[in-house]
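Please read the structure below before turning to the comments.
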Amino acid sequence: MTPNLCKPWEHALSRRQWLGASVAGSGALALGGLGGLISPLTAAELNAKDKQVLFVWIDGGMSQYESWDPKPGTQFGGPFRQIATSLPGVNISELMPRTATVMHQLALVRNMCTQDNSHSAGVPRIQRGDPKNRGVTYPFFGSAVAKLLGPGSSGLPPYVSIKPGSGGFHYQDAGFLGPQYGALAFGDGKPPENLLRHSSLNEEDDVARNSLRTTLNKRYVESRRHENAEAHSAVYEMAGSLMKRQDLFDATKLSPKDVQRYGSHEFGRHMLLARNMLEAGVRFVKVTSYGWDTHGDNFHGHRSLMPRFDQAYAAIIEDLHERGMLDRVLVIAMSEFGRTPRINGHIGRDHWPEAWSLALAGCGMKRGTVVGKTNDLGTFVDGDAFDIGHMFHTWFAALGIDSRKVEYDNHGQPLPIAHDSCSVVKELLA
Amino acid sequence: MNDELKAKFEPKELKALKVDRQLNAARFTPCGRFLLAAGHDGLIHRFDMTAAEMPELKPLTGHHGWVQRLAVASSTATSALPEVVYSVDSWGQLRCGSFVDDAAVPRWTNGSAHNGWIVDIALNAAGSLVATCGIDRAIRVWSATDGAMKHEFTNADWDVLCVAFAPDEKSLLAGDLSGMIRQWDLASGKVTREFNAAELHKSDRLQEVGGIRQLQFSPDGKQLICAGTKPKNGGNVQGLPTVMVFNWETGQLVKSFELGKEGDVYVTDLAFHPAGFLMLTISGNPGAGKLVFRRIEDDASFYETTKMPNCHSVTLHPDHHRLAVVATNGGSNGNGRNLDKEGKYPGNFSPIHVWTLPAG
Numbered sequence: 001m002t003p004n005l006c007k008p009w010e011h012a013l014s015r016r017q018w019l020g021a022s023v024a025g026s027g028a029l030a031l032g033g034l035g036g037l038i039s040p041l042t043a044a045e046l047n048a049k050d051k052q053v054l055f056v057w058i059d060g061g062m063s064q065y066e067s068w069d070p071k072p073g074t075q076f077g078g079p080f081r082q083i084a085t086s087l088p089g090v091n092i093s094e095l096m097p098r099t100a101t102v103m104h105q106l107a108l109v110r111n112m113c114t115q116d117n118s119h120s121a122g123v124p125r126i127q128r129g130d131p132k133n134r135g136v137t138y139p140f141f142g143s144a145v146a147k148l149l150g151p152g153s154s155g156l157p158p159y160v161s162i163k164p165g166s167g168g169f170h171y172q173d174a175g176f177l178g179p180q181y182g183a184l185a186f187g188d189g190k191p192p193e194n195l196l197r198h199s200s201l202n203e204e205d206d207v208a209r210n211s212l213r214t215t216l217n218k219r220y221v222e223s224r225r226h227e228n229a230e231a232h233s234a235v236y237e238m239a240g241s242l243m244k245r246q247d248l249f250d251a252t253k254l255s256p257k258d259v260q261r262y263g264s265h266e267f268g269r270h271m272l273l274a275r276n277m278l279e280a281g282v283r284f285v286k287v288t289s290y291g292w293d294t295h296g297d298n299f300h301g302h303r304s305l306m307p308r309f310d311q312a313y314a315a316i317i318e319d320l321h322e323r324g325m326l327d328r329v330l331v332i333a334m335s336e337f338g339r340t341p342r343i344n345g346h347i348g349r350d351h352w353p354e355a356w357s358l359a360l361a362g363c364g365m366k367r368g369t370v371v372g373k374t375n376d377l378g379t380f381v382d383g384d385a386f387d388i389g390h391m392f393h394t395w396f397a398a399l400g401i402d403s404r405k406v407e408y409d410n411h412g413q414p415l416p417i418a419h420d421s422c423s424v425v426k427e428l429l430a
Numbered sequence: 431m432n433d434e435l436k437a438k439f440e441p442k443e444l445k446a447l448k449v450d451r452q453l454n455a456a457r458f459t460p461c462g463r464f465l466l467a468a469g470h471d472g473l474i475h476r477f478d479m480t481a482a483e484m485p486e487l488k489p490l491t492g493h494h495g496w497v498q499r500l501a502v503a504s505s506t507a508t509s510a511l512p513e514v515v516y517s518v519d520s521w522g523q524l525r526c527g528s529f530v531d532d533a534a535v536p537r538w539t540n541g542s543a544h545n546g547w548i549v550d551i552a553l554n555a556a557g558s559l560v561a562t563c564g565i566d567r568a569i570r571v572w573s574a575t576d577g578a579m580k581h582e583f584t585n586a587d588w589d590v591l592c593v594a595f596a597p598d599e600k601s602l603l604a605g606d607l608s609g610m611i612r613q614w615d616l617a618s619g620k621v622t623r624e625f626n627a628a629e630l631h632k633s634d635r636l637q638e639v640g641g642i643r644q645l646q647f648s649p650d651g652k653q654l655i656c657a658g659t660k661p662k663n664g665g666n667v668q669g670l671p672t673v674m675v676f677n678w679e680t681g682q683l684v685k686s687f688e689l690g691k692e693g694d695v696y697v698t699d700l701a702f703h704p705a706g707f708l709m710l711t712i713s714g715n716p717g718a719g720k721l722v723f724r725r726i727e728d729d730a731s732f733y734e735t736t737k738m739p740n741c742h743s744v745t746l747h748p749d750h751h752r753l754a755v756v757a758t759n760g761g762s763n764g765n766g767r768n769l770d771k772e773g774k775y776p777g778n779f780s781p782i783h784v785w786t787l788p789a790g
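Which chain is which? The protein sequence lines are D and X, in order. Okay, so the first sequence: first residue is 1 according to the working numbering, each after it adds one. Okay, so the second sequence: first residue is 431 according to the working numbering, each after it adds one.
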């Protein structure tokens, strides 16, 4: 019988749920250890283990015209102007004045051409790197990094997701890697409810109780599925590590100046929390912004959305640079596709995977570069186009992982970590 | 439905004028000889309304980005300058030029009237002042004769989406994205009254949706009419096209009515017919568009047509017997690569539907 994998971590997460769900207690798991990789990481790759990722997911599809690849004064260009940036000769939308000042830190890709124009299929397809179909579900990039680089020395969960709405444990992100490589999601940037030990329970009793649980769990797991037990244990460990870092969620500890710089809006708050998570050593931080599917009123919509994105995005690039973290934090900002050149009757733009842009910065990336271009109208890529597989190879390379050598081991099935027909975009790498 | 009114004013379509680009607005000139249309292509398209075929004439140039709105005098008698159109674009330019002479030399122009997208323009009844507003949150009043700036106000927190002069012309009304309408006293530069139409705005995630999209006074000056949508969500904006009517003297909201379903979304333009009813255009989901005739005092519209997809503007000819509606081609939307028969990527366009109205 196929085990039902619907476990408490799928749902809104609380400490009580975590602890109750934990049925295996073999101590701290070697999350992201070398097991499960056919070609193990080299010494150089191991040195990369302090590298981190900030993955800014702009859900629904940011318009490339109103952001990274403006075509003002052309048929599909829309109403906005372009502005010069700190990178001579490179212009972006006037809706991004702050980002324009940090453009010299970025590596811009303007020739993305991907395969899916629907959200339902496109979102996971892009975030899993759209590999060749081998009958398995590949991990999201966050899960892949959690597996390949492990949690680091922070003791914090390796893959966290800061998002609007509810939180929980997104085990689905992990695909065949197994649920322990899923994302721990902080709904609205808040920690799970009831994370702290109840006041009626003293530390000594808590330790004793956990010791008993560990013993019972060991006994329980001996006759059950190893992967599920590891997942339970991993989630349990995450709860434990977060209990020690409540300060990360304490809004009163935030500098008012930082709050102002990032913005008091949802995305600003979440990006500021992301910065703090990265400073605390979380390996992979994903920040999601919803509401970008502007099929209607696209221009007033982007006029409202873009300045908030611009504010927080530029602020975190500045901060990572000033803190010397940009050398080791790879920053990716992207959607599942761009938006159509054609402006529909609702003055909106629809889905457009044919020619769109994404922005990279930080670890391993060549700073102040633009790769690829679109034609004069912005309708299609002019010259070579890149698919998401190219980006996965490039991101792995930036993190010090050789995507041609390192493979996953899915119960004996060797699997490439990125699409085997794509390759690294060398122009993007430092 | 008021059958008597419908029988009296039901329009018949005369012709659809073809323009190969999208348009934001159209206005008849006060002399009635021309129909002007503001384009996404930075042009003011012109049509000769004296000829039966209504041919397109050489367009007026000089704008950049989108020509967003046009303003012409309400009659030839109230124009500070003869035969001119005032126009604004999305790159911040305010322009005054002849609508007769197709030479590109304007009477006057200000290339940086605003920092960026000018969303609306209004001309006072005397034809002496032009008001503009935009996403720079500035509200400015200019001399219609020479373009000199006369007044400047700042709406601190929100984009300003429309303006209208008060009937006594001593103050200016400005409606913003938050759904607030402020009355600015021209002499003191102070806000003297506020009209709350916050139902026309919603904060949805990162997006501020809706706002005051139309602002006009009734011909008798006793009612202030604003319109837009009651937004349900951002992104693919959905909402109920809505009109709100305030008593100008008391400032009280006297009526609010909706003109469609959630997918119909925005009231995009409105004009008064001399017989006292409103003519309104509506645009929402691609394909959803309406022309609606309705008296404010009634409980329902007396005429609606959904024949034209995504209607963005309506204008009444000075003879009161012709009406022009800027609409959109059918099949204007679609995800992904949709090429035409020649393998080219097609853009959308805005047919201008010209209707005749019965004598009434």
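Note that the Cβ used here is the ideal one computed from N, Cα and C, for glycine as well.
Report the option in X:Ile642, X:Leu636 and X:Ala754 whose CA atom is closest to the CA atom of D:Ser264. Reading the first sequence from its first residue, position 264 is the one you call residue 264 of chain D. Nearest of X:Ile642, X:Leu636 and X:Ala754 to D:Ser264, Cα basis: X:Leu636.
D:Thr99 to D:Arg323 span [Cα, whole Å]: To locate residue 99 of chain D, count along the first sequence from 1; it is residue 99. To locate residue 323 of chain D, count along the first sequence from 1; it is residue 323. When rounded, the distance between both Cα atoms is 18 Å.
Report yes if the CB atom of D:Pro139 is closer than 8 Å to the CB atom of D:Ala174, and no otherwise. As a working mapping, residue 139 of chain D is identified with position 139 in the first sequence. As a working mapping, residue 174 of chain D is identified with position 174 in the first sequence. Taking 8 Å as the Cβ cut-off, D:Pro139 and D:Ala174 qualify as a contacting pair.
Identify which residue in D:Val221, D:Arg342 and D:Gly168 has its Cα closest to the Cα of X:Asn763. Position 333 of the second sequence, counting from 1, holds the residue named residue 763 of chain X. The shortest C-alpha separation from X:Asn763 is found at D:Arg342.
Contiguous beta strand (DSSP E) assignments of at least 3 residues, all confined to the region 542-570 of chain X: DSSP assignment within the region 542-570 of chain X yields the following whole beta strand (DSSP E) runs of 3 residues or more, N-terminal first: 548-553 and 559-564.
Counting only beta-carbon atoms, is X:Ser713 nearer than 8 Å to chain D? Locating residue 713 of chain X in the second sequence gives position 283, where the first residue counts as 1. Yes - at least one Cβ of chain D is within 8 Å of the one on X:Ser713.
Going by DSSP, what residue range makes up the alpha helix (DSSP H) through D:Asn276? As a working mapping, residue 276 of chain D is identified with position 276 in the first sequence. Per DSSP, the continuous alpha helix (DSSP H) segment holding D:Asn276 begins and ends at Glu266 to Ala280.
Cβ pair count under 8 Å reaching 3, the region 504-524 of chain X against the region 436-443 of chain X: With fewer than three CB-CB distances shorter than 8 Å, the region 504-524 of chain X does not count as touching the region 436-443 of chain X.
Check the Cβ-Cβ distances between D:Tyr386 and every residue of chain X, and say whether any is below 8 Å. Sequence index remark: in the first sequence, residue 386 of chain D carries index 386 (1-based). For the sequence presented, residue 386 of chain D should be read as Phe rather than Tyr. No, D:Phe386 does not count as interfacial toward chain X.
For D:Leu429, which residues from the same chain have a beta carbon less than 8 Å from its beta carbon, with the 5 sequence-adjacent residues on both sides left out? Translated into positions along the first sequence, residue 429 of chain D becomes position 429. A distance below 8 Å between beta-carbons, with the five flanking residues on each side excluded, links D:Leu429 to the following residues of its chain, in chain order: Gly364, Met365, Lys366, Thr394, Ala397 and Ala398.
Could you list which residues in chain X have their beta carbon closer than 9 Å to that of D:Gln115, in chain order? Looking up residue 115 of chain D in the first sequence gives position 115. Within chain X, no residue comes near D:Gln115; the closest Cβ sits about 10 Å away, beyond 9 Å.
For D:Ile162, the three-state DSSP class (helix, strand or coil): Sequence index remark: in the first sequence, residue 162 of chain D carries index 162 (1-based). D:Ile162: strand per DSSP, three-state reduction.
For D:Ala121, count the other beta carbons within 10 Å of its own beta carbon; 16 or more makes it buried, fewer makes it exposed. Which is it? If you number the first sequence from 1, residue 121 of chain D lands on position 121. Classification for D:Ala121: exposed.
Considering only residues of the same chain and omitting the five flanking positions on each side of X:Gln653, which have a CB-CB separation below 8 Å? Taking the second sequence and counting its residues from 1, one reaches residue 653 of chain X at position 223. So the list reads Phe647, Val675, Phe676, Asn677, Trp678, Val684 and Ile726, once near-sequence residues are dropped.
Whole-number beta carbon distance between X:Ala701 and X:Val744, since they are thought to touch under 8 Å: Residue mapping note: residue 744 of chain X aligns to position 314 of the second sequence, counting from 1. Residue mapping note: residue 701 of chain X aligns to position 271 of the second sequence, counting from 1. Sure, about 5 Å apart at Cβ, within 8 Å.
Return the bridge partner residues of X:Tyr733 from the DSSP annotation. Here residue 733 of chain X refers to the residue found at position 303 of the second sequence. In DSSP, X:Tyr733 forms a bridge with X:Phe723.
Taking only the alpha-carbon atoms, compute the straight-line gap between D:Ala30 and D:Lys405 and give it to the nearest angstrom. Against the first sequence, residue 30 of chain D aligns to sequence position 30. Against the first sequence, residue 405 of chain D aligns to sequence position 405. Residue confidence is low: D:Ala30 scores 35 on pLDDT, short of 50, so the model does not pin down where it sits. Its coordinate-derived value is still stated next. So the alpha carbons of these two residues sit roughly 22 Å apart.
On the criterion of 16 or more Cβ atoms from any shown chain inside 10 Å, does D:Gly453 qualify as buried, or is it exposed? For residue 453 of chain D there is no data in the structure shown, the boundaries of chain D being 1 and 430.
Using a Cβ-Cβ cut-off of less than 7 Å, list which residues of the region 692-712 of chain X approach chain D; keep chain order. Within the region 692-712 of chain X, the residues whose Cβ lies closer than 7 Å to some Cβ of chain D are Val695, listed in chain order.
Tell me the DSSP bridge mates of X:Asp606? Here residue 606 of chain X is taken as the residue at index 176 of the second sequence, counted from 1. DSSP output for X:Asp606 lists X:Val590 as bridge partner(s).
Per-residue DSSP class, three states only, for X:Ser713: Locating residue 713 of chain X in the second sequence gives position 283, counting from the first residue. Strand.
Thinking just about the alpha-carbon of each residue, which of D:Asp188, D:Gly189 and D:Val207 is nearest to the one in D:Arg197? Position 197 of the first sequence holds residue 197 of chain D. Closest option to D:Arg197, Cα to Cα, is D:Val207.
Shorter than 8 Å from the beta carbon of X:Asp587 to some beta carbon of chain D? Taking the first residue of the second sequence as position 1, residue 587 of chain X is located at position 157. With 8 Å as the cut-off, X:Asp587 does not count as an interface residue toward chain D.
Should D:Lys51 and D:Leu330 be called a contact, given that it needs their Cβ atoms to be closer than 8 Å? Counted from its first residue, the first sequence places residue 51 of chain D at position 51. Counted from its first residue, the first sequence places residue 330 of chain D at position 330. Cβ distance < 8 Å, so D:Lys51 and D:Leu330 count as in contact.
Can you round the beta-carbon distance between X:Asp519 and X:Gly462 to whole angstroms, since I take them to be within the 8 Å contact cut? In the second sequence, residue 519 of chain X corresponds to position 89, counting from 1. In the second sequence, residue 462 of chain X corresponds to position 32, counting from 1. Not quite, the Cβ-Cβ distance comes to about 25 Å (not below 8 Å), so this is no contact.
Would the beta-carbon of X:Gly495 fall within 8 Å of that of D:Arg81? Residue mapping note: residue 495 of chain X aligns to position 65 of the second sequence, counting from 1. Residue mapping note: residue 81 of chain D aligns to position 81 of the first sequence, counting from 1. Taking a C-beta distance under 8 Å as the contact criterion, X:Gly495 and D:Arg81 qualify as a contact pair.
Opening and closing residue of the beta strand (DSSP E) in which D:Val221 lies: Along the first sequence, read from residue 1 onward, the residue named residue 221 of chain D stands at position 221. Per DSSP, D:Val221 is not a residue of any beta strand (DSSP E); the alpha helix (DSSP H) it occupies stretches across Glu203 to Val221.
Are the C-beta atoms of D:Thr435 and some chain X residue less than 8 Å apart? The structure shown does not extend to residue 435 of chain D, since chain D is modelled only from 1 through 430, so no value can be given for it.
Since D:Tyr428 sits in a beta bridge, which residues does DSSP pair it with? Here the question's residue 428 of chain D lines up with position 428 in the first sequence. Before going on, a small fix: residue 428 of chain D reads as Leu here, not Tyr. Answer is none; D:Leu428 lacks a bridge partner.
Coil, strand or helix - X:Tyr516 by DSSP: Mapped onto the second sequence, residue 516 of chain X falls at position 86. Collapsing the DSSP output to three states places X:Tyr516 in a strand.
Range covered by the beta strand (DSSP E) that runs through X:Asn454: Within the second sequence, residue 454 of chain X is the residue found at index 24, counting from 1. Counting along the chain, the beta strand (DSSP E) containing X:Asn454 begins and ends at Leu453 to Phe458.
Can a CB atom of chain D be found closer than 8 Å to the CB of X:Val590? Position 160 of the second sequence, counted from the first residue, corresponds to residue 590 of chain X. With 8 Å as the cut-off, X:Val590 does not count as an interface residue toward chain D.
CA-CA distance, X:Ala718 and D:Pro192? The sequence position of residue 718 of chain X within the second sequence is 288, counting from 1. The sequence position of residue 192 of chain D within the first sequence is 192, counting from 1. X:Ala718 and D:Pro192: Cα-Cα distance of roughly 44 Å.
State the DSSP-derived secondary structure class of D:Arg342, mapped to helix, strand or coil. Position 342 of the first sequence holds residue 342 of chain D. Strand, per DSSP.
Chain X partners of D:Trp292, CB-CB under 7 Å? Counting from 1 along the first sequence, the entry for residue 292 of chain D is found at position 292. By Cβ distance, chain X contributes Gly665.
If you reduce the DSSP assignment to three classes, tell me which class X:Glu772 lands in. Translated into positions along the second sequence, residue 772 of chain X becomes position 342. Residue state, collapsed to three classes: coil.
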